[in-house]
Amino acid sequence: MNNRLENLYQETILEHNKYPKNFKKLEKCSSCAHGVNQLCGDDYYVYLNLDKNNIITDITFQGVGCAISKSSASLMTTLIKGKTREEALNLKECFINMLTQNNCSQQCKTCLGSLKLFESVKKFPVRVKCATLIWRALEKALTTTSIPKGEGINQKGDQK
Numbered sequence: 052m053n054n055r056l057e058n059l060y061q062e063t064i065l066e067h068n069k070y071p072k073n074f075k076k077l078e079k080c081s082s083c084a085h086g087v088n089q090l091c092g093d094d095y096y097v098y099l100n101l102d103k104n105n106i107i108t109d110i111t112f113q114g115v116g117c118a119i120s121k122s123s124a125s126l127m128t129t130l131i132k133g134k135t136r137e138e139a140l141n142l143k144e145c146f147i148n149m150l151t152q153n154n155c156s157q158q159c160k161t162c163l164g165s166l167k168l169f170e171s172v173k174k175f176p177v178r179v180k181c182a183t184l185i186w187r188a189l190e191k192a193l194t195t196t197s198i199p200k201g202e203g204i205n206q207k208g209d210q211k
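Just so we're aligned, residue 52 is where the sequence shown starts under the working numbering, counting upward by one.
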């Protein structure tokens, strides 16, 4: 990563960590999910509302975690709002593929936009789990009607 891109990455992470977007509990939501990374303690809830056309009309998150997990969640909420369930799941898949595979397609890289800044995280496998935690929680929220209290997903994205 060149210095300019590295600086932009650092600035983005720090900005979204210090001033996260959509960082609140959504009191009335159509779905929510909980994600926990037991390796580092990241612990987040994602809340969302879907309309009758499966468009995400609102999405927020709440919890505690490192700068990478919080900034990933903050950026996710800004990019997902207004997308359909299918578009959000595709974006989640592209983001996770970028961080876990060596050959992320050009189509995926194009749809990721500012999330491409997280690409350097893949050099640090433990940090990949931080960056993807909220995305795995999003998938649970979009594919289940609700997750019973006390359940959630672990750092692998599996339901506890």
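Quick reminder that beta carbons are idealized off the backbone N, C-alpha and C, glycines included.
As the structure is a computational prediction, the values presented were derived from the model and not from experiment.
With contacts defined as CB atoms closer than 8 Å, CYS181 and ASN88 qualify as a contacting pair. When DSSP states are grouped into helix, strand and coil, LEU142 belongs to the helix group. Where SER82 is concerned, the enclosing beta strand (DSSP E) starts and stops at 82 to 87. With fewer than 16 other CB atoms across the displayed protein chains lying within 10 angstroms of its CB, LEU65 is exposed.
Judged by DSSP secondary structure, VAL177 falls within the alpha helix (DSSP H) whose first and last residues are 176 to 194. In the three-state scheme derived from DSSP, where H, G and I count as helix and E and B as strand, GLY114 is classed as strand. By the beta-carbon neighbour count (other beta carbons within 10 angstroms, threshold 16), VAL115 is exposed. A contact between stretches requires three or more CB pairs, one per stretch, nearer than 8 Å, and the region 99 to 109 fails this requirement with the region 166 to 178.
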